[in-house]
Structure formats: structure tokens, C-alpha cells
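Note that the protein sequences, when read in sequence, are chains A and B.
Counting the first sequence from 1 gives a position; my numbering is that position plus 470.
Counting the second sequence from 1 gives a position; my numbering is that position plus 2.
What follows is a set of notes on a single structure, which appears directly below.
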Amino acid sequence: DAGITQSPRHKVTETGTPVTLRCHQTENHRYMYWYRQDPGHGLRLIHYSYGVKDTDKGEVSDGYSVSRSKTEDFLLTLESATSSQTSVYFCAISDSTDTQYFGPGTRLTVL
Amino acid sequence: KQEVTQIPAALSVPEGENLVLNCSFTDSAIYNLQWFRQDPGKGLTSLLLIQSSQREQTSGRLNASLDKSSGRSTLYIAASQPGDSATYLCAVRGNYGGSQGNLIFGKGTKLSVKP
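Take a look at the structure:
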């Protein structure tokens with residue numbers, strides 16, 4: 471398995487609070503991604519990174535920001551969490567063949 | 003805008019049966035197509051990746067085909083086993099630069115293989 475960890479694995483927070491999710495890889499891959507998975511919508515890309523300090527928006531980026539200060543870490547921040555951001559969040563990396571490898575996910579509940 | 007559809011949404015088969023999962027996409031300008039497996043409460047596991055220039059890929063009991071012109075891919079599972087029970091997702095990467103070249107996922111087919 472690709473070396474991808476996500477933290478925390480579960481989080482419950484209240485509306486209006488900031489939340490940061492962390493993705494850590496040990497594979498030294500250039501590309502990293504954040505997705506959310508919701509019933510009825512499937513997996514949707516939030517943001518992705520193609521190198522240190524290089525990021526771009528995905529399909530559902532509103533309300534989210536990201537940062538990548540080191541190759542191994544990709545952070546997803548919800549500046550002011552809303553109930554619509556209750557979801558399961560997955561981090562992924564891709565290798566030189568473009569195969570994507572996913573982390574175990576973070577289940578976030580916003581009350 | 004690329005749309006990926008997987009039909010059926012759920013499938014139940016007896017153990018030992020050969021089966022086919024379907025994936026269709028609306029824009030044939032793809033770079034590659036990937037099949038994933040997701041077990042309940044887990045992340046996705048990559049099964050097969052087919053480049054746009056390829057017609058099929060095989061891994062063990064799995065065979066994935068790609069017909070880019072018709073916008074279709076199939077995942078063939080031979081001699082199904084209860085351990086194959088999972089949700090199978092298809093995803094396509096557009097042949098475009100920037101964010102338009104990211105993976106677009108179907109909603110998956112939930113497979114149940116009965117002993």
C-alpha cells in the first residue's frame with residue numbers, strides 16, 4: 471500500500487469553527503489531491519497540488535483552502551465550517567504512471 | 003463537461019459467476035481511465051489503469067476494456083468470490099491541461115457476491 475496517512479480520522483465540530491485536515495505521504499510524489507465523498511454525488515475534487523506551494527482548485531473548492539509547504543504534507547482547511555461540509559474527505563497521491571492511491575479518509579461532522 | 007455513469011448501481015451474483023461492470027463517459031477526449039475498488043468505510047484501491055491508446059488491461063481475474071470512440075469501459079471479473087464484494091468505481095481523466103484534466107468519478111456499482 472502507498473504510504474498515505476490522514477489525520478484526524480474522525481472529527482466532530484461546530485458550525486463556524488475552523489478545521490484543518492492533514493495528509494501525509496512517504497512516497498515523495500509530486501501530485502496530491504483532496505476529494506470529498508457524499509452519497510448521491512460520489513467523489514469530487516476539492517483542490518490539488520502539483521508541487522510545493524503549487525496548488526489549484528478543483529470542482530468544489532468554495533469554502534476550502536489548501537497549503538503545501540513540504541512535499542510530504544498537504545493540508546486542507548475549512549475556514550468556517552458549515553453543515554454542508556459534513557462529508558468523508560479523502561487524500562490521494564499519484565505516481566509516474568498517473569495511478570492514484572488513496573488515504574483511509576477522514577469523517578467530518580459539522581453540527 | 004465530462005459525465006461518468008455506472009450502471010447498474012447495485013448487482014448481486016452467486017459465487018463463481020463471471021460478471022461485467024459497465025462505465026460510460028460523455029467526452030471521448032480522455033487521457034486515461036481507472037477502475038477502483040472501495041470497501042465499506044475504507045479508501046479507494048486502484049485496480050487497473052488504461053491509457054487512452056490502449057484497448058484493455060488485465061490483472062489476475064480482472065480485465066478492463068476501453069472503447070474511447072463509444073465512450074465505454076467494462077470491468078470483467080472472472081469466477082467471482084465473496085471477497086470481491088465491494089463498490090467498484092470508474093474514473094476518467096480528461097485530455098486537457100490544468101484542472102480540467104483531473105479525474106471525474108462515476109458513482110459506482112455496489113457488488114455483492116453471495117456464497
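A virtual CB, placed ideally from N, CA and C, is assigned to each residue, including glycine.
Starting from the Cα of residue i, find the closest Cα among the options and give me that residue.
i      : options                        : result
L546/A : R514/A, G473/A, R492/A         : R492/A
G202/B : T111/B, S72/B, G108/B, L49/B   : In this structure chain B extends from 3 to 117, so residue 202/B is not present and cannot be described.
F544/A : E484/A, Y520/A, D508/A         : Y520/A
S535/A : T475/A, P488/A, N498/A         : P488/A
V558/A : W504/A, I474/A, D524/A         : W504/A
R538/A : E484/A, T490/A, G486/A, R479/A : T490/A
K44/B  : H494/A, K527/A, Q555/A, G575/A : G575/A
V6/B   : R39/B, E19/B, D29/B, D41/B     : D29/B
G73/B  : C25/B, N65/B, E19/B            : C25/B
Where does residue i land, buried or exposed, given buried means 16+ other C-beta within 10 angstroms?
i      : result
G573/A : buried
L51/B  : buried
H517/A : buried
V482/A : exposed
A80/B  : exposed
V522/A : exposed
G528/A : buried
Keeping to the same chain, check which residues put their C-beta closer than 7 Å to that of residue i; ignore five residues upstream and five downstream.
i      : result
I32/B  : S54, K70, V94, R95, G96, N97
V115/B : V15, E17, S82, Q83, P84, D86, S87
I67/B  : Residue identity check: residue 67/B is Ser in the sequence provided, not Ile. Closer than 7 Å at the Cβ level, and outside the excluded window around S67/B, lie R57, E58, S75, T76.
P117/B : E17, P84
Rounded C-beta distance between residue i and residue j? I'm assuming under 8 Å.
i      : j     : result
T111/B : T89/B : 7 Å
K118/B : Q8/B  : Given a span of 3 to 117 for chain B in the structure shown, any question on residue 118/B remains unanswerable.
Excluding the five sequence neighbours on either side, which residues of its own chain have a C-beta within less than 8 Å of the C-beta of residue i, listed in chain order?
i      : result
N498/A : T541, E542
D524/A : R538
So, is the C-beta of residue i closer than 9 Å to a C-beta in chain C?
i     : result
Y33/B : In summary, chain C is missing from the structure at hand, where the protein chains are A and B.
Short of 6 Å in beta carbon distance, which residues of its chain neighbour residue i, apart from the five on each side in sequence? Order them along the chain.
i     : result
L35/B : I52, L68, S75, V94
V22/B : T76, Y78
Interfacial residues, the segment 41–53 of chain B to chain A, with Cβ spacing under 7 Å: K44, G45, L46, S48, L51
Pull out every residue of the segment 533–546 of chain A whose Cβ sits closer than 7 Å to any Cβ of chain B, in chain order. none
Using a Cβ cut-off of 7 Å, which residues of the segment 550–568 of chain A contact any Cβ in chain B, in chain order? F560, T567, D568
Residues, ordered as in the chain, of the segment 514–528 of chain A that lie near chain B by beta-carbon distance below 7 Å: L515, Y518, D526, K527, G528
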